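Okay, structure first, notes after.
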Amino acid sequence: MTIQTIQLNKLALSDLNVRKVKPKEIEALAADIQARGVLQNLIGYDEDGKIRICAGGRRYRALKLLQKAKAIPGTFEVPVEIRSKDEALEISLAENAQREDMHPADAIAAYRAIIDSGKDVDDVAASFGVSPAYVRRVLKLAALHPTILKAFQKDEIGMGAAQAFALTDDQDRQLEVFKRTGDNAHQIRAMLTQEKVADTDKHFRIVGEEAYCAAGGTFTTDLFGERRYCDDAGLVMDLVQDRLDAIAKAAREDGWRDAEGQLYRPDSYWMRGHLEPAGERDPTEEETAQLVEIEAAIAKRESEVDEDDHDYDDELRALTRKQDAIVSACRVFTAEQKAEHSLIVFIGHDGIEQVAFTRTAKGTAADGPKPPRPDYSQKVMDQLGGIRTMAVREALASDPELALDVLLTGLLGQVRGNAYSWQQAAEITAEKNRFHVDDAVMGHSTIADIDEIARADLDRLAETPTLDDMRQMDSEAKLRLLAYCVASQITSLSFHSDRDRQLAQIVGAAQINMADKWEPNQVFYDQLSKATLLKLLAEGCGNDAVENCQTMKRSDLAVTVNERLAGRRILPPALRPSALPDAADSESQAA
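All residue numbers for the sequence shown refer to our numbering, where the first residue is 1 and numbers rise by one.
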């Protein structure tokens with residue numbers, strides 16, 4: 001290593017200089033060099049007759065600026081420390097990393113280049129006094145799509161957004177999300193994990209990591225947010241259902257007349273009679289010891305607190321709750337109760353809950369065979385309901401006469417009958433009913449947005465139009481706006497409400513064929529259970545296809561079903577015409 005004085009015109013900036021983002025305040029540095037000279041040497045290596053500067057690029061640029069201004073000649077001698085080319089990149093990174101104004105994008109590219117030169121993560125970490133985990137995080141950012149890295153370099157996105165994009169290694173997916181979200185770290189993370197389940201989710205906690213991994217589940221780790229996501233949300237829900245089914249089976253073996261495992265709390269939860277335990281068991285030795293300890297603690301605390309304050313003392317109330325919990329655990333259902341009534345096992349707010357319901361009157365539906373497990377989860381049904389709602393809205397916004405009929409039907413039902421707005425397919429209110437279906441589930445839907453349908457007419461009006469504005473519009477424009485307003489009230493996401501009777505009539509009147517509006521895609525199929533996927537495959541491709549795919553993993557089967565059913569116009573049952581009862585059928589069933 002030697003320091004030489006070399007003429008400025010024999011120097012050139014090295015491609016290995018890690019500072020790619022254009023540095024600021026070069027003019028100020030040039031003025032300082034002109035006044036006091038070069039106080040610190042540059043560092044470079046010899047290549048093709050030129051000394052390539054790998055560290056000291058700002059000083060080099062300042063000197064070239066002075067040369068351009070004719071303040072110094074090209075023969076101006078510059079102190080340069082000569083190193084080998086192999087050392088150049090590390091020297092450049094080490095020098096620039098010590099400066100606060102080095103752009104993070106430059107450090108990211110430099111670490112990647114050092115690793116590509118043959119050094120491993122531990123070597124790089126030791127060289128720069130950082131942890132191996134830090135180097136891995138930097139390298140994760142270095143693998144971002146070039147367009148995103150360029151945007152980061154230009155400060156079009158911040159560090160938070162760049163870190164969020166690192167949740168996936170799929171650069172095409174990164175770019176797709178970038179085009180739709182820009183610099184919004186929260187939205188980026190939400191889009192990249194919408195098909196995943198966080199390892200803090202209650203469903204995953206019920207399954208456990210051991211069972212999930214044993215079933216072939218994998219994780220995506222957020223190196224920056226220090227969170228993990230289960231890659232296969234469908235597998236998690238299948239394992240949860242298996243756990244619920246196992247508990248229900250054990251309950252039936254224990255004497256319950258019926259026991260069923262459900263992912264969600266039953267819709268009839270508050271309408272059915274809840275069964276209270278009529279039996280009692282002796283507390284275990286551990287419970288007995290706990291009760292003695294709690295009773296002593298209660299007596300001690302009561303002696304310390306005024307009697308009038310006993311009901312308001314937090315410590316006493318906490319002790320009493322513990323005591324009540326142990327006493328409640330000793331209350332049990334009798335064999336007679338189990339033989340006569342049913343148990344529902346479902347996922348509640350804090351995990352698995354088991355609730356016993358009283359048996360309904362003899363001869364009711366409860367005495368019939370147990371209903372099969374639903375093919376589609378409530379989340380999927382909500383998505384399908386949203387897609388159907390969008391299709392109906394589109395039809396009404398495009399057909400003013402039909403929208404007027406729907407409006408008058410709803411208003412007259414309320415004014416002259418006993419109907420309520422919340423029972424109507426078009427819930428006529430002063431606010432636009434809002435809902436959301438993920439863009440990823442919508443896929444290549446042909447459903448037009450009602451705001452775009454009415455865009456030309458809406459643009460002619462202020463956001464809150466006056467009566468004068470409205471009176472100046474022609475009748476056709478008013479009808480189109482009426483259609484838009486009625487369409488915005490359609491809100492029948494559910495498939496089991498009274499609104500379906502009216503919605504069925506609208507679908508028929510508008511002649512909506514959902515197969516023309518939406519086709520299931522990979523994101524949708526990824527949410528379904530294996531049994532449901534096989535049902536759809538059988539419908540579209542026959543039983544032979546089902547036999548060939550019977551042993552496939554659920555995630556692989558979802559990909560196969562997506563490929564095999566593409567273009568076949570196979571819809572989930574909820575979106576088929578038969579899923580929407582007509583008014584006559586509904587009224588006869590209600591009679």
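For glycine and all other residues, C-beta sits at the position ideal for the given N, C-alpha and C. Owing to the predicted nature of the structure, the values given are computational and were not obtained by experimental measurement.
query                                                                                                                                                                    : result
For ARG388, count neighbouring C-beta atoms within 10 Å of its own C-beta (all shown protein chains included) and say buried if the count is 16 or more, exposed if not. : buried
Determine the closest residue to ARG136 out of ASP222, THR284, CYS213, with distance taken between C-alpha atoms.                                                        : ASP222
Since I believe ARG554 is in contact with LEU612 (beta carbons under 8 angstroms), could you give me their beta-carbon distance rounded to a whole number of angstroms?  : The displayed coordinates of the chain run from 1 to 591. Any statement about residue 612 would go beyond what the structure contains.
Nearest by alpha-carbon distance to SER328: which of GLU287, HIS274, GLY57, ILE247 is it?                                                                                : GLU287
Provide the residue(s) that pair with VAL486 in DSSP beta bridges, ordered along the chain.                                                                              : VAL486 pairs with nothing; no bridge assigned.
Can you check which of these residues, THR560, VAL561, PRO374, ASP544, is closest to MET237 by C-alpha distance?                                                         : PRO374
Have a look at ASP46, ALA62, ASP258 and flag the residue whose alpha-carbon is nearest the alpha-carbon of ALA35.                                                        : ALA62
From GLU285 to ILE326, what does the alpha carbon distance come to, in whole angstroms?                                                                                  : 12 angstroms
Where does LYS10 fall in DSSP's three states?                                                                                                                            : helix
Per DSSP, which residues does PRO79 bridge with? Please list them.                                                                                                       : THR5
So the beta strand (DSSP E) ALA259 belongs to, where does it begin and stop?                                                                                             : 258-262
Quick check: PHE165 and GLN174, are their CB atoms within less than 8 angstroms of each other?                                                                           : yes
Could you pull the DSSP bridge partners for SER342 from this structure?                                                                                                  : ASP258, PHE357
If you drop the 5 nearest sequence neighbours on each side, which residues of the same chain put their C-beta closer than 6 angstroms to that of LEU319?                 : ILE294, ALA297, ILE298
Using DSSP with H/G/I as helix, E/B as strand and the rest coil, what is ALA198?                                                                                         : strand
So, at 8 angstroms on beta carbons, what are the nonlocal neighbours of ALA545 in its own chain, with the 5 sequence-adjacent residues on each side left out?            : LEU537, ALA538, ARG564
For TRP270, count neighbouring Cβ atoms within 10 angstroms of its own Cβ and tell me buried if that reaches 16, exposed if not.                                         : exposed
Among all the DSSP beta bridges, which residues are the ones paired with VAL332?                                                                                         : GLY279
According to DSSP, is ALA71 part of a helix, a strand, or is it coil?                                                                                                    : coil
Using the C-alpha atoms, what's the distance from VAL197 back to THR532?                                                                                                 : 20 angstroms
Which residue from ARG59, PRO400, ASP232 puts its Cα closest to that of ALA477?                                                                                          : PRO400
Could you check whether ARG480 and ALA462 sit closer than 8 angstroms to each other, using their CB atoms as the reference points?                                       : no
Would you grab the beta carbon distance between SER268 and ARG393 for me? Rounded to a whole angstrom, and I think it's under 8 angstroms.                               : Contact doesn't hold; Cβ gap of about 30 angstroms is too wide.
Could you name the residues that DSSP lists as bridge partners for GLU47?                                                                                                : LYS50
Taking TYR229 as part of the beta strand (DSSP E), name the residues at either end of that continuous run.                                                               : 227-230
Quick one: is GLY37 buried, meaning 16 or more other Cβ sit within 10 Å of its Cβ, or exposed?                                                                           : exposed
Can you tell which of ASN41, ASP46, TYR376, ARG180 has the C-alpha that lies nearest to the C-alpha of GLU77?                                                            : ASN41
Helix, strand or coil for LEU42? Go by DSSP, reduced to three states.                                                                                                    : strand
In the DSSP assignment, what are the bridge partners of PHE435?                                                                                                          : In DSSP, PHE435 forms no bridge with anything.
Less than 8 angstroms between the beta carbons of PHE357 and GLY443, yes or no?                                                                                          : no
Quick one: Cα of PRO572 to Cα of LEU384, how far?                                                                                                                        : 8 angstroms
Within the chosen definition, does the stretch 205-220 reach the stretch 181-188 through at least 3 CB pairs nearer than 8 angstroms?                                    : no
Mind checking who ILE157 pairs with in its DSSP beta bridge?                                                                                                             : Its beta-bridge partners do not exist; DSSP assigns none.
Looking at C-alpha atoms only, which residue of CYS485, GLU276, TYR111, ALA395 is the closest neighbour of HIS341?                                                       : GLU276
What residues match up with GLY348 in a beta bridge as DSSP calls it?                                                                                                    : GLY351
According to DSSP, is ALA425 helix, strand or coil?                                                                                                                      : coil
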